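The sequence shown begins at 820 in this note's numbering and counts up one residue at a time.
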Amino acid sequence: MSGSDGSTALDKFFGYSKRGSTFGTEIRAGLTTFATMAYILPVNMSILSAAGMDGGAVFMATALSAVLGTVLMALLAKLPFALAPGMGLNAFFAYTVVLGMGETPAFALAAVLVEGLVFIALSLTGIRTALFNAIPRELKVAVSAGIGLFIMFIGLQNAGFIVADPATLVAINPDLSGAAVALAVIGLAITIVLYLRKVKGALLIGILATWALGMLAQLIGWYRVDIEAGFFSLFPSGIISTPPSIMPTLGMCFGGFADAFSSPENIGRFVVVVLTFLYVDIFDTLGTLSGVATKANMLDEKGQLPGIKGALTADAIATSAGAILGTSTVTTFVESSAGVEEGGRSGLTGLTTALCFLLSIFLFPIVGAIPGFATTCALVMVGIMMFEPLKDLEFKNPEHLVPAVITMAFMVMGYSISAGLMWGILSYLLVKITKAKFKDVSALMWVLGILFLLKIFVLDLLV
């Protein structure tokens, strides 16, 4: 059942052959996307557990919200993008709102629920679509490359190749003889060779090959298990396990409204938290959709993404549902670009990823055994490939070059897609003001500039 001739029911619904894909390619792409983002299951569980939430329930909420969000994306937008609780937003939830501000997890979940409901309204009214379309094409190109740098950085961090340094903040690990780092480098080399040889499924093969080499390294004693140092066994503890209960977090968000509205001061704090979640999620999602869609050549001649309204609606509904289930903000994952690079072009890729998340509820011993260094090869390679859209950037035109470079650089240095997009847009406006080209800028871009300045000088000071 290849579906390449458009004869299957799946192809008729998703239209993947019209986008240059096949049934097999879509399945492989979905598996690759899952392999590169499966880390969110144990990581989100660990982060939200630090805020006092039940770890097993958080694991279930993470998996179920990823299933729901990705299925909605596949059906409403028919796009190959996967969703799950976002990194950065979960850290803000746990370490800033709960541990820093002293609020309860229920308070934070209530804020996420309200944010999601606001998102739904913005998506259905077309405001978020207008925001996506308002971003200039040169910035969309820059966002693609910026995300590439960002996920390369994440991948190299996961492998321990990039480490913290007191003098320079970050540095290349001076000891590359450690098993995890060395295996990541070997896995990257294997993946590069496979990719250059145009082997189908190069990224997924690279991940599985690196993991297999890691298990061999553990058997011969090169890779040593050290749980305190973060080096876990690479062998699954089993195959099938009973899913943990979600009841400890299910509906917890509703109890948070009592905390939020208990006093005028708490109401003010609640509003600030909601606005912060709202800001980061809006521009993380817009940046990810823009960058990945640009790389996949999915934008039309006007630089717009067909199906964007459905994509944003799916993202918003998933956030609200995730809050009810018991997890932080759900967003479109940048790792979706790994599946796109494998050739995924439709919602069938997303359905495959969603099915993997559903199965992971029962197969957590296997999913949890995939080490971070094994996914490094895919993340680095995808990062490299996402530079391709830069060919359309007018490098000799400073009006394009200045905001594009700032967008790319600030994503990595600020460790945030939304931060890179924000400073890129502000620099774009500065360029247009300097050149007195006011008519080149849409009214919505001016509004964004004002909102960003308010965010920097008002909202950030209140959190």
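Just so you know, even glycine gets a beta-carbon here, dropped at the ideal spot from N, CA and C.
Please read all numbers here as calculations on a predicted model, not as lab measurements.
Inter-residue spacing [alpha-carbon to alpha-carbon] between residue i and residue j
i, j, result
"Gly1158", "Val1186", "18 Å"
"Thr1253", "Ala1228", "22 Å"
"Thr1150", "Pro1062", "24 Å"
"Met1230", "Ile1059", "39 Å"
"Pro1067", "Asp1134", "24 Å"
"Phe1051", "Leu1013", "28 Å"
"Leu936", "Leu943", "11 Å"
"Glu1154", "Ile970", "8 Å"
"Ser1156", "Pro955", "21 Å"
"Gly907", "Ser1235", "8 Å"
"Phe980", "Ile1005", "12 Å"
"Lys1128", "Thr1172", "21 Å"
"Leu902", "Ile1189", "19 Å"
"Leu941", "Lys1121", "22 Å"
"Leu1263", "Ile1269", "10 Å"
"Gly825", "Gly1202", "Below a pLDDT of 50, predicted positions are generally treated as unreliable, and Gly825, at 46, falls in that range; no measurement from the model is reported."
Cutoff 7 Å; reference residue i; Cβ partners in own chain excluding five residues on either side
i, result
"Ile1225", "Trp1242, Gly1243 and Ser1246"
"Asp1211", "Val960"
"Pro924", "Ala870, Gly871, Met872, Val917 and Met1071"
"Gly874", "Met864 and Ser868"
"Leu1209", "Val960 and Ala964"
When the options are compared against residue i, the one with the closest alpha-carbon
i, options, result
"Arg885", "Gly1020, Asn952, Gly1141 and Val1018", "Per the sequence shown, residue 885 should be read as Ala rather than Arg. Minimum Cα distance to Ala885 is reached at Gly1141."
"Phe1152", "Gly839, Pro904 and Ile866", "Pro904"
"Met1308", "Leu891, Met864 and Ala893", "Nothing in the structure corresponds to residue 1308, since the chain is present only between 820 and 1282."
"Thr881", "Met892, Ala893, Met856 and Pro1083", "Met856"
"Leu968", "Thr1195, Leu928, Tyr914 and Ala1079", "Thr1195"
"Leu1280", "Leu1118, Gly1233 and Thr1095", "Thr1095"
"Gly834", "Ala896, Ala876 and Asn1085", "Ala896"
Secondary structure of residue i, DSSP reduced to three states
i, result
"Phe797", "Since the displayed the chain opens at 820 and closes at 1282, residue 797 lies outside it and no answer follows."
"Lys831", "helix"
"Leu918", "coil"
"Arg902", "Position check: residue 902 holds Leu in this sequence, whereas Arg was assumed. DSSP places Leu902 in strand when its eight states are reduced to three."
"Val1149", "strand"
"Leu988", "strand"
"Gly1122", "coil"
"Asp1279", "helix"
"Lys1251", "helix"
"Asp873", "coil"
"Val1099", "helix"
"Leu1198", "helix"
"Thr844", "helix"
Close-in-space but distant-in-sequence residues of the same chain around residue i (CB under 6 Å, 5 per side omitted)
i, result
"Met1204", "Glu1160"
"Cys1175", "Phe853"
"Ser1237", "Val1099, Phe1102 and Asp1103"
"Gly974", "Thr1195, Leu1198 and Val1199"
Nonlocal neighbours in the same chain, by C-beta distance under 8 Å from residue i, ignoring five residues either side
i, result
"Phe938", "Arg947, Leu1097, Asp1100, Ile1101, Leu1131, Asp1134, Ala1135, Thr1138 and Ser1139"
Cβ-heavy atom distance, residue i to the ligand FAD, below 6 Å
i, result
"Gly1110", "In terms of ligand content, the structure shown is empty, and the ligand FAD therefore cannot be addressed."
If we require 4 or more residues per run, which alpha helix (DSSP H) segments fall completely within the stretch 921–985?
924–943, 946–953 and 956–978
Curious, which full-length alpha helix (DSSP H) runs of at least 4 residues does the stretch 991–1077 contain?
998–1015 and 1021–1039
Write down every uninterrupted run of the alpha helix (DSSP H) in the stretch 1209–1241 whose length is 4 residues or greater and which is fully enclosed by it, in chain order.
1217–1232
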